[in-house]
Amino acid sequence: GDVVWVYWRTPEEWAALVEAWVDETAQKGTVLTLYELSQGEDTSGTEFHGLDLDLLQKALQVLVKRNKAQIFGQEDQLGIKFF
Numbered sequence: 121g122d123v124v125w126v127y128w129r130t131p132e133e134w135a136a137l138v139e140a141w142v143d144e145t146a147q148k149g150t151v152l153t154l155y156e157l158s159q160g161e162d163t164s165g166t167e168f169h170g171l172d173l174d175l176l177q178k179a180l181q182v183l184v185k186r187n188k189a190q191i192f193g194q195e196d197q198l199g200i201k202f203f
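Read in the working numbering, the sequence shown has 184 at position 64, and its numbers run on one by one without any break.
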């Protein structure tokens, strides 16, 4: 059936949190997987740790549109490079 998203933060707000973390941890130029962003040790304690992968992808698409990131790879092995 239909899927309805109920946000407590918009994808744009999640994107801002991810972007701030990238800046704070000097991850620009680094390639990370979706799993590393949502489940990895480095993001433990961040507000986006454990975030639903579909919602994380929506947030990352915001960064792609702003030319702050690039997503590549296959669906189960997506990588994200931050600029």
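Glycine is no exception: its CB is placed at the ideal position from the N, C-alpha and C atoms.
Alpha-carbon to alpha-carbon, residue j and residue i
i, j, result
"W125", "P131", "11 Å"
"E133", "A189", "16 Å"
"V138", "Q197", "19 Å"
"L154", "E161", "13 Å"
"L176", "S158", "8 Å"
Reduced DSSP category for residue i - H, G, I as helix; E, B as strand; rest coil
i, result
"Q190", "strand"
"V182", "helix"
"D130", "According to the sequence provided, residue 130 is Thr. The question's Asp does not apply to it. Reduced to three states, the DSSP call for T130 is coil."
Contact test: residue i Cβ vs the ligand FMN heavy atom, cutoff 7 Å
i, result
"G121", "Judged by which ligands are present, the structure shown has none, so any question about the ligand FMN falls away."
Environment of residue i [buried if 16+ CB atoms lie within 10 Å]
i, result
"F202", "buried"
"L171", "buried"
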